[in-house]
Amino acid sequence: MKAIVIKEPGQVSLEQVELPALEPGFALVKVKAAAICATDLEVLDGNISANYPVIPGHEWSGIVEAVGSEEDSHWIGKRVIGSNDVVCLKCDACRSGNWRYCKDFEEIGFKRNGAYGEYVAVPAYGLCELPENVSFIQGALCEPLGVAFGTMEKAGAKLGDTCLIMGAGSIGLCMLAAAKAMGMRKIVVCASSEKRLGIARKMGAYAAIALDHQDLTEEMKKIHPGGTDVIIDATGIESCIRQCLKLARKGGTVALAGYGRGKIMSIPIDDIHINNLRVVGAGNNWNQHKKAVALMEDGIINIEHFATDLLPLEEYEKGIQLARKRPEGFVKAVFVL
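Each residue of the sequence shown is one higher than the last, beginning at 1138 in the working numbering.
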């Protein structure tokens, strides 16, 4: 089969590789769509641990062609999305539903080969059927939407809360979609420039603030004069996190959903201590696929427009460059097979 392979950090190419071997409990999925995530660029650059050579890709959808265990045969021919979590299913963490705390945890697209190829092997226990009225392209975006749901859950966000989202990348925009669906109010999206804020406005953001020509602190005094109930940082940037801590209301919550790239940061602890802030990490969000696809099926959320560039595998270099440069209006490049 054809697949995009990162041989080692900095080296990526389109290769002919063997079909994935099917272990018991796994399913062989013919990939129909696979989206490029910024995290995949970190694997390419060597900033995230991976088992090289590796086929990246953890945002996917497809059709089950074969299974490794007879009890999973009902999946054959089904349109699916699924979890990327490869776990033991036996330990206390797994049995409590906290798969990513499993001592044997591995993730598709990082420690195991992912979906930037014609086929991918995934755990059958994590599969979720994709309804006919949800396209394969939108189905591939259930994974980042699930990140948003997991973040909101960890933050304790609820109906009527005010919300500020720092960052208008694909994760920030998924946070906006989730916040709207949850009934949060006066949702503000902030970004360094106007590049994607037009999309945020079309999605119904109460306000969209571009830091290159607006003062965030002054604008937020007008919109959330008592401070914000729930602030989501989707950037992983120190200066943005510091602003989040300043803008939260007393007793408010700041959820850290952005990847910090291993950097050591200087954070004003007194902003947290004195104002009784609740700061939560939101880097591991699992088992949210069914919720994401259910909301898509009912038409409550539609984020297919995030797929701004549809590409064949052969144009992987173009996709990578788009994901790096993020031109105006770009959200996601998606490989369509």
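The beta carbon of each residue, even a glycine, is placed where N, CA and C say it ideally should be.
Ends of the beta strand (DSSP E) at residue 1360? Looking at the DSSP string, residue 1360 is not in any beta strand (DSSP E); the run it does join, the alpha helix (DSSP H), is 1353-1360.
Can you tell me whether DSSP reads residue 1461 as helix, strand or coil? helix
Span of the beta strand (DSSP E) holding residue 1472? 1469-1473
With DSSP collapsed to three states, give me the class of residue 1349. coil
Given residue 1196, which residues of its chain have a CB within under 6 Å of its CB, disregarding the five upstream and five downstream residues? 1172, 1174, 1277 and 1280
Taking residue 1152 as part of the beta strand (DSSP E), name the residues at either end of that continuous run. 1148-1153
Going by DSSP in three states, residue 1254 sits in which element: helix, strand or coil? strand
Please report the distance separating the alpha-carbon of residue 1180 from that of residue 1398. 11 Å
If we ignore side chains and look at the alpha-carbon of each, how far apart do residue 1374 and residue 1396 end up? 8 Å
Rounded C-alpha distance that separates residue 1369 from residue 1302: 5 Å
Short of 6 Å in beta carbon distance, which residues of its chain neighbour residue 1215, apart from the five on each side in sequence? Order them along the chain. 1201 and 1266
Span separating the alpha-carbon of residue 1438 from that of residue 1407: 38 Å
Do you know offhand how far residue 1124's Cα is from residue 1154's? This structure does not reach residue 1124, given that the chain is present from 1138 up to 1474, and the question cannot be answered.
Given this structure, state the Cα-to-Cα distance separating residue 1259 from residue 1165, to the nearest angstrom. 7 Å
Checking 8 Å against the spacing of the C-beta atoms, do residue 1462 and residue 1445 come in under that value? no
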